[in-house]
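Visitor:
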Amino acid sequence: MARRDGARRIRTETRIDADRGVFMISVAAELA
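Each residue of the sequence shown is one higher than the one before, starting from 624 at the first, in our numbering.
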C-alpha cells in the first residue's frame with residue numbers, strides 16, 4: 624500500500640510539472 628501511495632505522489636508531481644511546463648510555454652509564446 625505504501626508503494627501505491629508513493630506511485631500516486633510521483634504521478635501527481637509529474638502532472639504538476641507538466642502543467643507548469645505548459646504554463647511556461649504559453650508565457651514564452653506571449654512574450655515572443
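No residue lacks a Cβ here, since even glycine has one placed at the ideal position from N, Cα and C.
Once DSSP output is grouped into helix, strand and coil, what is the label at A630?
Guide: The residue you call residue 630 lines up with position 7 of the sequence shown. Three-state DSSP puts A630 in a helix.
Visitor: Grab me the residues of G629's own chain with a C-beta within less than 8 Å of its C-beta, minus the 5 sequence neighbours each way, in chain order.
Guide: Translated into the one-based positions of the sequence shown, residue 629 becomes position 6. Excluding sequence neighbours, G629 sits near nothing in its chain.
Visitor: What's the gap between the Cα of R643 and the Cα of R631?
Guide: Locating residue 643 in the sequence shown gives position 20, where the first residue counts as 1. Locating residue 631 in the sequence shown gives position 8, where the first residue counts as 1. Roughly 18 Å separates the two Cα atoms.
Visitor: Taking DSSP as the reference, what is the three-state secondary structure of A652?
Guide: Taking the first residue of the sequence shown as position 1, residue 652 is located at position 29. A652 falls in the helix class under three-state DSSP.
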